[in-house]
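**Q**
Residue numbers (this note's numbering): 1318 to 1561.
(1) Do you know offhand how far residue 1451's Cα is from residue 1492's?
(2) Nearest-angstrom Cα distance between residue 1369 and residue 1439?
(3) How about residue 1446 and residue 1475: are their beta carbons less than 7 Å apart?
(4) Near residue 1413, what residues of its chain come up, given a Cβ to Cβ distance below 7 Å and the 5 sequence neighbours on each side ignored?
(5) Using DSSP with H/G/I as helix, E/B as strand and the rest coil, what is residue 1471?
(6) At which residue ranges does the segment 1376-1415 contain complete beta strand (DSSP E) runs of 3 or more residues, listed in the order of the chain?
(7) Which of helix, strand or coil does DSSP assign to residue 1486?
(8) Nearest-angstrom Cα distance between residue 1405 and residue 1422?
(9) Is the CB-CB distance between residue 1374 and residue 1462 below 7 Å?
(10) Please report the residue range of the beta strand (DSSP E) in which residue 1456 lies.
(11) In whole angstroms, what separates the C-alpha of residue 1427 from that of residue 1433?
(12) How close, in whole Å, do the beta carbons of residue 1494 and residue 1354 come, if the pair is a contact with beta carbons under 8 Å?
(13) Which value, in whole angstroms, describes the spacing of the CA atoms of residue 1416 and residue 1390?
In structure tokens:
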């Protein structure tokens, strides 16, 4: 009996730990579709779970970092939600592809036009962003989540150096190493271009030689057929002459 009670108590304790862990990890987060490479562009999703049983999420405000402003921010339409994009003047203009940018998006707000995110559900809010900074390993987006009962949860605490997650962590987008296909990536040097051009020229020469060989074979084949037909005709005529 004692063993059964101990096992039951252990099971309840484990379930409680898992429940608390799940509750603690259910917060607004941001993840890229694929990867978010430094110096490039990316599509990211802000994932918003509803943590209340008696209220729904009706508003999300995402504030963009001011230390690494993003010149291009384009939201994807989300059914049932109104989107507002706020731009602000920059202290220092950004140089994007040789063009000076004096303002950048400072906040994007999604407001529910219906019931919003109900209890037990979550919603994703996609954005296309860029050009991502090359001198940072991550971007921190402070977010405010508003419920239908007027409660506002502030997901604004930045990660600590010790790696421990704050009580109300801000969404953090981790940046990866620059990729060759990313916008703003370095162009190949002259040696690589010359090698690629030489390889392409060689391939073209091989194709031309192969084409010439095929044409010669076809001509010889046709000549062989003509010679064969002529031989058959000569044999028929010779046979007829003998019969006469």
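Ideal Cβ positions, reconstructed from N, Cα and C, are used throughout, including at glycine.
**A** The short version:
(1) 9 Å
(2) 11 Å
(3) no
(4) 1388 and 1448
(5) strand
(6) 1389-1392 and 1398-1413
(7) strand
(8) 6 Å
(9) yes
(10) 1455-1457
(11) 10 Å
(12) 7 Å
(13) 16 Å
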